[in-house]
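**Q** Here the sequence shown is numbered in the numbering used here, starting from 127 and rising by one per residue.
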Amino acid sequence: MNMKDFEPQHFNWRMEGNVAVVTFNRPERKNPVTFGSYAELGETFRKLVHADDVKAVVFGSNQGNFCSGGDVHDIIGPLLDRDTKGLIAFTRMTGELVKAMRACPQPIIAAVDGVCAGAGAMIALFSDIRFGTPQAKTAFLFTRVGLAGCDMGACAMLPRVIGQGRAAELLFTGRTMSAEQGERWGFFNRLIAADALEKEAIGFAAKLAQGPTFAHMMTKTMLAQEWSMSLEQAIEAEAQAQAICMQTRDFRRAYEAFVAKQTPRFAGN
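Encoded structure:
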């Protein structure tokens with residue numbers, strides 16, 4: 127499947143070489159999520175399993191903000207009129223988005239500027255790597271609208287990234303985590319000036335895209351799966367995963383380049 131000519135209806139998409147760049151397309155509202163963007167994003171990340179031309183993904187910001195969460199008028203208001211069956215259909219759809227992000231083989235880099243709240247914070251959380259600006263303001267604000275903090279996998283993933291106590295504080299209070307605190311707590315890998323954020327994120331993604339992408343897929347898979355394994359199971363699973371990677375041509379390419387004192391050129395197979 128080729129994603130070069132992909133034209134989504136509910137968000138922006140462009141290719142920078144073999145790096146896909148995704149942004150929300152409603153900057154005047156600080157880029158909220160809608161019913162349509164939830165569903166289309168989930169479908170898109172599922173498609174990336176078969177997209178040979180996409181080697182990495184940058185989920186970026188648009189005009190100073192990442193994502194303000196669920197749109198008040200498009201989502202929150204209509205949810206008040208749904209019955210239990212309709213509500214769980216919606217909450218399962220939101221969960222499908224982050225599951226699709228974890229299932230796609232490409233590394234996902236979130237480039238977070240400005241507001242990163244609610245569902246937007248969850249998209250950043252479920253990315254593999256997060257870059258922020260000093261202006262980034264991240265909030266898991268579900269309790270602020272009368273809901274539990276256990277939304278879209280927050281209670282499972284956030285403690286893994288920043289620790290149980292810190293996650294509990296953010297999820298109970300819904301308060302904003304500053305960029306500096308986010309970097310100190312390990313939510314952000316690094317902070318970058320706003321005018322350099324997208325360029326840095328795309329450059330980082332491009333370097334990953336040049337690497338052994340089959341091995342990157344295996345790394346992402348094991349990072350996701352090993353949380354539910356014992357240490358003994360994890361060691362065995364990694365032994366099998368690494369043995370598979372040793373059968374790739376990229377492994378041989380790396381060896382031959384080392385012998386020839388050259389830089390290896392990986393092809394992802």
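Even for Gly, the Cβ is constructed at its ideal location relative to N, Cα and C.
Predicted model only: the values in this text are computed from it and were never measured.
Skipping 5 residues on each side, what residues in its chain have a beta carbon closer than 8 Å to that of Ser253?
**A** For the purposes of this step, residue 253 is identified with residue 127 of the sequence shown, where counting begins at 1. Hits under 8 Å: Phe185, Met227, Ile234, Ile235, Ala236.
**Q** Taking Thr259 as the reference, give the member of Leu349, Val175, Arg316 with the closest Cα.
**A** The sequence position of residue 259 within the sequence shown is 133, counting from 1. Closest by alpha carbon: Arg316.
**Q** Are Phe298 and Ala280 closer than 8 Å when you measure CB to CB?
**A** As a working note, residue 298 is residue 172 in the sequence shown. As a working note, residue 280 is residue 154 in the sequence shown. No, they are not a contact pair.
**Q** Please list the terminal residues of the continuous beta strand (DSSP E) segment that includes Thr149.
**A** Here residue 149 refers to the residue found at position 23 when the sequence shown is read from its first residue. Element bounds for Thr149: 145-149.
**Q** For His342, count neighbouring C-beta atoms within 10 Å of its own C-beta (all shown protein chains included) and say buried if the count is 16 or more, exposed if not.
**A** What you label residue 342 is simply residue 216 of the sequence shown in a count that begins at 1. With 16 or more Cβ atoms within 10 Å of its Cβ, His342 is classed as buried.
**Q** Closest to Phe192 by CA distance: which of Cys242, Ala165, Asp200 is it?
**A** Against the sequence shown, residue 192 aligns to sequence position 66. Of the listed residues, the one whose Cα sits closest to Phe192 is Cys242.
**Q** What does DSSP give as the partner residue(s) for Met303 in the beta ladder?
**A** Residue mapping note: residue 303 aligns to position 177 of the sequence shown, counting from 1. The bridge partners DSSP lists for Met303 are Thr264.
**Q** Excluding the 5 residues flanking Gln135 on each side, which residues of the same chain have their C-beta closer than 7 Å to its C-beta?
**A** As a position in the sequence shown, residue 135 is number 9, starting the count at 1. Excluding residues up to 5 positions away in sequence, Gly162, Glu166 lie with their Cβ nearer than 7 Å to the Cβ of Gln135 in the same chain.
**Q** Give me the DSSP bridge partner(s) of Gly279.
**A** Here the question's residue 279 lines up with position 153 in the sequence shown. Gly279 is not bridged to any residue.
**Q** Which class does Arg172 belong to by DSSP, given the choice of helix, strand or coil?
**A** Here residue 172 refers to the residue found at position 46 of the sequence shown. If DSSP states are grouped into helix, strand and coil, Arg172 belongs with the helices.
**Q** By DSSP, does Leu323 sit in helix, in strand, or in coil?
**A** Within the sequence shown, numbered from 1, the residue matching residue 323 stands at position 197. Looking at Leu323 - three-state DSSP - the assignment turns out to be helix.
**Q** By the three-class DSSP mapping on this structure, what secondary structure does Val287 have?
**A** The sequence position of residue 287 within the sequence shown is 161, counting from 1. Three-state result, Val287: helix.
**Q** Tell me whether Cys230 sits in a helix, a strand or coil according to DSSP, three-state version.
**A** In the sequence shown, counting from the first residue as 1, residue 230 sits at position 104. Cys230: coil per DSSP, three-state reduction.
**Q** Over the uninterrupted beta strand (DSSP E) stretch that includes Glu358, give me the two end residues.
**A** As a position in the sequence shown, residue 358 is number 232, starting the count at 1. Note, Glu358: premise wrong, no beta strand (DSSP E); alpha helix (DSSP H) at 357-371.
**Q** Report back the beta-carbon spacing between Ala335 and Asn144 to the nearest angstrom; my notes put them in contact at under 8 Å.
**A** Within the sequence shown, numbered from 1, the residue matching residue 335 stands at position 209. Within the sequence shown, numbered from 1, the residue matching residue 144 stands at position 18. So it is a contact: roughly 5 Å between Cβ atoms.
**Q** Buried or exposed, going by whether 16 or more other CB atoms sit within 10 Å of the CB of Gln232?
**A** The count along the sequence shown starts at 1 and reaches residue 232 at position 106. Gln232 comes out buried.
**Q** My output table needs one value for Val180: the three-state DSSP class, helix, strand or coil.
**A** Looking up residue 180 in the sequence shown gives position 54. Coil, per DSSP.
**Q** For Arg316, which residues does DSSP report across the bridge?
**A** As a position in the sequence shown, residue 316 is number 190, starting the count at 1. According to DSSP, Arg316 bridges with Phe257.
**Q** Please report the distance separating the alpha-carbon of His176 from that of Phe132.
**A** Here residue 176 corresponds to residue number 50 of the sequence shown, with the count starting at 1. Here residue 132 corresponds to residue number 6 of the sequence shown, with the count starting at 1. Distance between the alpha carbons of His176 and Phe132: 13 Å.
**Q** My assumption, with CB atoms under 8 Å, is that Gly246 sits in contact with Ser194. Please give the rounded CB distance.
**A** Indexing the sequence shown from 1 puts residue 246 at position 120. Indexing the sequence shown from 1 puts residue 194 at position 68. Between Ser194 and Gly246 the Cβ distance is about 6 Å, and since that is below 8 Å, they are a contact.
**Q** Who are the near neighbours of Thr160 in its chain, counting only those whose CB is closer than 7 Å to its CB and skipping five residues on each side?
**A** For the purposes of this step, residue 160 is taken as the residue at position 34 of the sequence shown. The answer, listed in chain order, is His136, Asp197, Asp200, Ile201.
**Q** Can you have a look at Cys230 and say buried or exposed, based on whether 16 or more other CB atoms are within 10 angstroms of its CB?
**A** Stepping through the sequence shown from its first residue, residue 230 is reached at position 104. By the neighbour-count rule (16 or more Cβ atoms within 10 Å), Cys230 is buried.
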